[in-house]
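Participant: The structure that follows is given in the form of structure tokens.
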Amino acid sequence: MTNLETALLDLLKEDCRLSLEKLADMTGAPMTEVAGVIDRLEKSRVILRYSPVINWDLTDRERVEAMIEVRVTPQRDMGFDAVARRIYRFDEVKSVYLMSGAYDLLVLVEARTLKELASFVSSKLSTLETVTGTATSFVLKRYKEEGVIFDGEETDRRLVISP
Amino acid sequence: MTYDRFLNPCIVAVPPSGIRRFFDMASLMKDAISLGVGEPDFKTPFHIRDAAINSLVDGDTQYTANRGMPELRAEIAAYLADRFSLRYRPEDQILVTIGASEAIDLALRAMLSPGDEVLVPEPSYVSYAPGVIFAGGVPVGIPTREEQDFRLRPEDLLSVITPRTKVLILPYPNNPTGAIMEKQDLEALTGIVKDRDLMVISDEIYAELVYDGKRHVSFAALPGMEERTLTINGFSKSFAMTGWRVGYICGAPELISVMNKIHQYSIMCAPRQGQIAAAEALRAGRENGYEDVIRMRDSYDRRRRLMVSAFRRMGLHCFEPYGAFYVFPSISPTGLSSEEFCSRLLKEKKVAAVPGNAFGPSGEGFIRCCYATALDKLNIALERIAEFVSENARR
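Chains A and V, in that order, are what the protein sequence lines are. Last residue of the first sequence: 666 (this note's numbering), numbering continuous. Last residue of the second sequence: 398 (this note's numbering), numbering continuous.
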């Protein structure tokens, strides 16, 4: 990773709508170089997507989320990869992580209603042959996500003018 | 009842800060974006806050030694040696103060006799000249110019020295200009300081905020200058700890002990929690290569570049500031005075900046904009300033 790559990733992580001109200003690199580096980062799949952080609770969209701890039997030659891939193909699944500790995979699931989510766990996830057990925890309130605080604003408490 | 008889005329005569009026105006505009702040937009890193919280839980609520907690002074000595090649003994050369502000006041009060002249390069921080007057001295401004990158040149220094000159204040990296003094700039002054028998108060509160691969050079680190320098620094800017009020002053034991005499009778000691937090800041920094400081500096640097480019694109001359967190663009293409520019910008575009002349007469024609503000706000503010400048460009 070059310094420019790191700087651009930091800046885009903060605000992916910054213009090439602003990115060039801030990193001190010419605009063409900035464009080239971003292009390379996209092509090499370092940057996968530019998406906003949304507080769905403030919308009228019905939505429930759960974190499911999944214990699985690893498969010969494939380890956990095969079962992880099997699980992430479901549309309900937002994230899948291989974990150290008491269980193997952490699966973040989203559905419209509690019922839909329960049915996903009981009929789709638990019935997979390699899954030996699940423990589902529902998200009740989100406080902070992707470094952004959700409950209330971080106010600027500085004096408006100071010497 | 009239209180004239009870008030000290010397202090009454000092004009109120030029910033005050702006503060009153800007405070009334709730939705204005302020580039008028003089402090970091970061909160104190949490591990530092946590150290203070734990100390309260543990009941650390007593006075400390007048000069500051021994562990903090030891950390300060190690830090200054590590970062700026300064060698101060924690026992008798370091005094922990209530921010760098108290340190400036102590240094002036300990050294000045009535009528002594103190040289103050300007534009610079607003408290030096009043501090000199409060201590019975006479402040003498040394204008610095944009053409010289707002650096203090030996010929400018020589031109204002009189037999009454006792002290030179070196306010670099500079608030409001963002100017720095590099090694050769400082070296050009050492001969004069020695020959004319001056003491230097080097206010290095922005020492960690120097950009573009440059490093801050402490005046006391130059050969022969340690004995002629009082080095002031603190935690406010480098560790985002403004509200904690912890700073320090270092120098010859003979001077530090006199300052400590004033400090012990008027202040007793800097607040204990602030000192504990400060010690944690330096301890962690020593162990992790000052990663908090570097992270914040990198973030300022990107915003600094953004500001300079944006002002230049507006057609304003903007000197490249290598230090602190301010840009100081010239507003001469508008033909407005600094005060007019800032008050109209505030009223018409809801952006607060500080008129350059608040920092001394040579700041006229400039405005100070602080870039320690969230990037999205900074971008909006810059768009509004660009609009204002194009509306007011002289035809």
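For every residue, glycine included, the Cβ atom is placed at its ideal position computed from N, Cα and C.
1. Judging by CA-CA distance, which residue of LEU160(V), LYS217(V) and PRO179(V) is the nearest neighbour of LEU192(V)?
2. Identify the contact partners of GLU517(A) in chain V, using a Cβ-Cβ distance below 7 Å as the criterion.
3. Checking the sheet assignment: what are the DSSP bridge partners for ALA569(A)?
4. Output the residue ranges of the beta strand (DSSP E) runs that lie fully inside the region 38 to 126 of chain V and measure 3 residues or longer, sorted by chain position.
5. Relative to the alpha-carbon of LEU115(V), which residue among GLY134(V), TYR251(V), VAL392(V) and SER127(V) has its alpha-carbon at the smallest distance?
6. Return the bridge partner residues of GLU648(A) from the DSSP annotation.
7. Name the two residues that bound the continuous alpha helix (DSSP H) containing ARG304(V).
8. Alpha carbon to alpha carbon, how far is PRO577(A) from VAL612(A)?
9. Is any non-hydrogen atom of the ligand NAD found closer than 7 Å to the C-beta of HIS50(V), if you look at the structure I gave you?
10. Do LEU233(V) and SER205(V) have their beta-carbon atoms positioned less than 8 Å apart in this structure?
11. Measuring CB to CB, does VAL624(A) end up less than 8 Å from ILE590(A)?
12. What does the alpha-carbon distance come out to for the pair THR147(V) and SER37(V)?
13. Compute the distance between the beta-carbons of GLU120(V) and THR168(V), then report whether it is under 8 Å.
14. On the premise that PHE653(A) lies in contact with ARG645(A), defined as a C-beta separation below 8 Å, what is that separation, rounded to the nearest angstrom?
15. SER312(V) touches chain B at which residues, Cβ-Cβ below 7 Å?
16. Name the DSSP beta bridge partners of ASP2(V), please?
17. Using a Cβ-Cβ cutoff of less than 7 Å, which residues in the same chain neighbour ALA527(A) once the five nearest sequence positions on both sides are dropped?
18. What does a CB cutoff of less than 6 Å around LEU561(A) pick up in its chain, not counting 5 residues either side in sequence?
19. Sort LEU122(V), VAL123(V), GLU94(V) and GLY139(V) by Cα distance to ALA113(V) and report the nearest one.
20. With distance defined between alpha-carbon atoms, name the residue in ALA280(V), VAL123(V) and ILE107(V) nearest to LEU75(V).
21. For the beta strand (DSSP E) that contains CYS372(V), what are its first and last residues?
22. Assuming contact is defined by CB atoms lying nearer than 8 Å, are GLY359(V) and PHE331(V) in contact in what I supplied?
23. Starting from TYR131(V), trace the alpha helix (DSSP H) in both directions and tell me its first and last residue.
24. Among LYS353(V), MET271(V) and ASP198(V), which residue has its Cα nearest to the Cα of ALA68(V)?
25. Within its chain, find whatever has a CB closer than 7 Å to the CB of LEU378(V); leave out the 5 residues flanking it on each side and keep chain order.
26. Applying the 10 Å Cβ sphere with the 16-neighbour rule, what's the burial state of GLY102(V)?
27. So, at 8 Å on beta carbons, what are the nonlocal neighbours of CYS345(V) in its own chain, with the 5 sequence-adjacent residues on each side left out?
Facilitator: Checking against the coordinates, here is how it stands:
1. Position 189 of the second sequence, counted from the start, is the residue given in the question as residue 192(V). Taking LEU192(V) as reference, the option from LEU160(V), LYS217(V) and PRO179(V) with the minimal CA-CA separation is LEU160(V).
2. Taking the first sequence and counting its residues from 1, one reaches residue 517(A) at position 14. Those are LEU378, listed as they occur along chain V.
3. Locating residue 569(A) in the first sequence gives position 66, where the first residue counts as 1. According to DSSP, ALA569(A) bridges with VAL612(A) and PHE641(A).
4. 97 to 100 and 120 to 125
5. One-based indexing of the second sequence puts residue 115(V) at position 112. Among GLY134(V), TYR251(V), VAL392(V) and SER127(V), the Cα nearest to that of LEU115(V) is on GLY134(V).
6. Walking along the first sequence from the start, residue 648(A) turns up at place 145. DSSP output for GLU648(A) lists VAL651(A) as bridge partner(s).
7. To locate residue 304(V), count along the second sequence from 1; it is residue 301. Looking at the sequence provided, one finds Asp at residue 304(V) rather than Arg. That run of the alpha helix (DSSP H) goes 294 to 316.
8. Within the first sequence, numbered from 1, the residue matching residue 577(A) stands at position 74. Within the first sequence, numbered from 1, the residue matching residue 612(A) stands at position 109. Looking at the two C-alpha atoms, the distance is approximately 21 Å.
9. Inclusion of the ligand NAD in the displayed structure is not the case, the ligand content being empty and no account of it being possible.
10. If you number the second sequence from 1, residue 205(V) lands on position 202. If you number the second sequence from 1, residue 233(V) lands on position 230. Yes, they are a contact pair.
11. Position 121 of the first sequence, counted from the first residue, corresponds to residue 624(A). Position 87 of the first sequence, counted from the first residue, corresponds to residue 590(A). Contact flag unset, no.
12. Here residue 147(V) refers to the residue found at position 144 of the second sequence. Here residue 37(V) refers to the residue found at position 34 of the second sequence. Taking the straight line joining both Cα atoms gives about 26 Å.
13. Here residue 120(V) refers to the residue found at position 117 when the second sequence is read from its first residue. Here residue 168(V) refers to the residue found at position 165 when the second sequence is read from its first residue. The answer is yes: Cβ separation under 8 Å.
14. Taking the first residue of the first sequence as position 1, residue 645(A) is located at position 142. Taking the first residue of the first sequence as position 1, residue 653(A) is located at position 150. That belief holds up - the Cβ atoms of ARG645(A) and PHE653(A) are roughly 5 Å apart, short of 8 Å.
15. No chain B appears in the structure shown, which is made up of the protein chains A and V.
16. Only positions 4 to 398 of chain V appear in the structure, and residue 2(V) is not among them; the question remains open.
17. Along the first sequence, one-based indexing puts residue 527(A) at 24. Same-chain partners within the cutoff: PRO533, MET534 and VAL537.
18. The count along the first sequence starts at 1 and reaches residue 561(A) at position 58. Nothing listed; no residue qualifies.
19. On the second sequence, position 110 is the one that residue 113(V) refers to. The candidate whose alpha carbon is nearest that of ALA113(V) is GLY139(V).
20. Within the second sequence, the letter at position 72 stands for residue 75(V). Distance from the Cα of LEU75(V) is smallest, within the candidate group ALA280(V), VAL123(V) and ILE107(V), for ALA280(V).
21. Within the second sequence, numbered from 1, the residue matching residue 372(V) stands at position 369. Run containing CYS372(V): 370 to 373, per the beta strand (DSSP E) assignment.
22. Locating residue 359(V) in the second sequence gives position 356, where the first residue counts as 1. Locating residue 331(V) in the second sequence gives position 328, where the first residue counts as 1. Going by C-beta atoms, GLY359(V) is nearer than 8 Å to PHE331(V).
23. In the second sequence, the residue the question calls residue 131(V) occupies position 128. Here the alpha helix (DSSP H) through TYR131(V) covers 131 to 137.
24. Residue mapping note: residue 68(V) aligns to position 65 of the second sequence, counting from 1. Among LYS353(V), MET271(V) and ASP198(V), the Cα nearest to that of ALA68(V) belongs to MET271(V).
25. Your numbering for residue 378(V) matches position 375 in the second sequence. Cβ within range, chain order: ARG306.
26. The residue labelled residue 102(V) in the question sits at position 99 within the second sequence. With 16 or more Cβ atoms within 10 Å of its Cβ, GLY102(V) is classed as buried.
27. Within the second sequence, the letter at position 342 stands for residue 345(V). PHE25, ALA355, ALA356, VAL357, PRO358 and ILE370.
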